[in-house]
Amino acid sequence: MQRENGSSGTEGGQLAYRALAEVSRVRILEELRAVGSALDATELAERLGLHSNTVRAHLDVLRRAGLVRADREKRSMPGRPRIVYEPVPGAMPSDQFAGYRLLAHILSSYLAGSSPDPSAAAVEAGQVWGRYLVDGPPPFTKISAEEARRRVIKLLADLGFAPELVQEEEEDQILLHHCPFGDLATSHPEITCSVHLGLMRGALAELGAPLEARNLQPFVKPSLCVATLTSSAR
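The sequence shown begins at 1 in the working numbering and counts up one residue at a time.
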């Protein structure tokens, strides 16, 4: 791909920052840098717990922003060569990611120390963003509980939670096999996990379905959190 100034120029830098506004794209770029070798979309999807089509879409954004490059794998065997991706050296310094993490820790610690009820404030913030992020229905349109579950699961998957829905008679459980904010959740669980609960509550409220996110149990296992959905009267 030809770029006159790379992502260090004004236009390229804007594209890069826009691309990295999505958590899943940050994770994809970090994974490629950590591995140190080219990977295809399927391999990245398996590593990150995302759908392969979602990963391909994110990779296309990263490629157009000049953060990754795509090449056809050289192979001596018959068959269609894979398209593999690797980070563009120097396109976005690693300390940029450290800066994002530091900012998140600063804001979380400030909220934890200044708010009379940090958890409630974090839930409220999550609700606002959950309403904004979810794929809501058109005006005056109702959707079923089943469709609402599907859209919430998609939202969580796009954010990098690797969700798994377990349906039971009286309640549903969403198993979150990956936390895209793991280091922050460990140091400030009252903030991070409450934001995640708020995201689900806000999304369900926006969808208008007879469901509510009752609670979120953080770190049931080292890499597992569990959210509970129950029926509600609408």
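Cβ atoms here follow ideal geometry from the backbone N, Cα and C, with glycine treated the same way.
Sufficient close CB pairs (3 or more, under 8 Å) joining the segment 221–229 to the segment 170–179: yes
Selected residue, minimal CA-CA separation from residue 112, among 212, 23, 190, 60: 190
Helix, strand or coil at residue 220 [DSSP, three-state]: strand
Secondary structure of residue 75, DSSP reduced to three states: coil
Span separating the alpha-carbon of residue 73 from that of residue 85: 9 Å
Close-in-space but distant-in-sequence residues of the same chain around residue 154 (CB under 8 Å, 5 per side omitted): Residues 135 of the same chain have their beta carbon placed closer than 8 Å to that of residue 154, with the five preceding and five following residues left out of the count.
Cβ neighbours of residue 162 in the same chain (closer than 6 Å, five flanking residues each side left out): 49, 177, 178
beta-carbon residue 152 near the ligand SAH non-hydrogen atom, thresh 7 Å: In terms of ligand content, the structure shown is empty, and the ligand SAH therefore cannot be addressed.
Bridge partners - residue 55, DSSP secondary structure assignment: According to DSSP, which records beta bridges pairwise, residue 55 is partnered with nothing at all.
For residue 172: DSSP bridge partner residues: 167, 229
Own chain residues within Cβ distance below 8 Å of residue 63, not counting five before or after: 1, 69, 70, 85
Cα-Cα separation, residue 10 to residue 140: Note that residue 10 scores a pLDDT of 41, beneath 50, so its modelled location is shaky and nothing firm can be said.
Cβ neighbour criterion (16 or more within 10 Å) applied to residue 209: The residue in question, residue 209, is buried, as its Cβ has 16 or more Cβ neighbours within 10 Å.
Residue burial classification, residue 29 (beta-carbon count within 10 angstroms, cutoff 16): buried
Beta-carbon proximity of residue 160 to residue 23, cut-off 8 Å: yes
Residue 212 versus residue 117: straight-line alpha-carbon distance, rounded: Using only the alpha carbons, I get a separation of about 22 Å.
Nearest-angstrom Cα separation, counted from residue 43 out to residue 188: 31 Å
Residue burial classification, residue 102 (beta-carbon count within 10 angstroms, cutoff 16): exposed
Neighbour-count burial assignment, residue 128, 16 or more Cβ in a 10 Å radius: exposed
Spatially closest choice to residue 170 from 152, 204, 148, 214, by CA coordinates: Ranking the options by Cα distance to residue 170, first place goes to 214.
Three-state class that DSSP yields for residue 189 in the structure shown: helix
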